[in-house]
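In what follows, a single structure is set out as structure tokens and then discussed.
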Amino acid sequence: MLKILKLSFLPKSPDYGLLILRVALGFSMLMLHGRGKMMAFSATAEKMAGLYGMPGNVNASLAIFAEVVCSAMLIAGLFTRFAALILAITMATAFFFVHKSSLIAGPGSGELAMVYLVAYVTLLFTGAGKFSVDRA
Numbered sequence: 021m022l023k024i025l026k027l028s029f030l031p032k033s034p035d036y037g038l039l040i041l042r043v044a045l046g047f048s049m050l051m052l053h054g055r056g057k058m059m060a061f062s063a064t065a066e067k068m069a070g071l072y073g074m075p076g077n078v079n080a081s082l083a084i085f086a087e088v089v090c091s092a093m094l095i096a097g098l099f100t101r102f103a104a105l106i107l108a109i110t111m112a113t114a115f116f117f118v119h120k121s122s123l124i125a126g127p128g129s130g131e132l133a134m135v136y137l138v139a140y141v142t143l144l145f146t147g148a149g150k151f152s153v154d155r156a
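The sequence shown begins at 21 in the working numbering and counts up by one.
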């Protein structure tokens, strides 16, 4: 029974864990967030006007770079720590400035941005793991 509770029949591999984390985060950010921003660039730029005192098209381009290009890099494990840093900065901006640090459930909550932020900071410190282009 103890063997079942400890899940000791599953292999322990931080590298498999990092691979799953990278691919899941990268794919979800790219497909659920970045792709939509890229496809509706004008609307995205309008919403992002004035953030950091920059024009909306600059902010939208930076967000799209992070959410599309850096997410693809994360999936491949290419320059993983750099990609994770850019994505962490993007999620910190979303959490602190867009969602105003709100963790209350409901519309406008920054909960998802915070979850992404923590995961990206984790990858920033751990790196890609063995199953990545970085290791090749």
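We treat Cβ as the ideally placed atom computed from N, Cα and C, and that holds for glycine.
Keep in mind that this is a model prediction, so the values were computed, not measured.
(message) Threshold first: 3 residues or longer. Then list the beta strand (DSSP E) segments lying entirely within the stretch 35 to 81, N to C.
(response) Runs of the beta strand (DSSP E) inside the stretch 35 to 81: none found.
(request) Give the straight-line distance between the Cα atoms of residue 152 and residue 45, rounded to the nearest whole angstrom. (result) Each residue's alpha carbon lies about 15 Å from the other.
(message) Measuring alpha carbon to alpha carbon, tell me which residue in 58, 132, 36, 146 is nearest residue 114.
(response) Distances from the alpha-carbon of residue 114 to those of 58, 132, 36, 146 put 132 closest.
(request) Could you tell me whether the stretch 82 to 102 touches the stretch 43 to 63, using the rule of 3 or more Cβ pairs below 8 Å? (result) Taking a cut-off of 8 Å on C-beta distances, the stretch 82 to 102 touches the stretch 43 to 63, as three or more cross pairs fall below it.
(message) Relative to the C-alpha of residue 38, which candidate in 23, 69, 101, 106 has its C-alpha closest?
(response) When only C-alpha atoms are compared, the closest one is 101.
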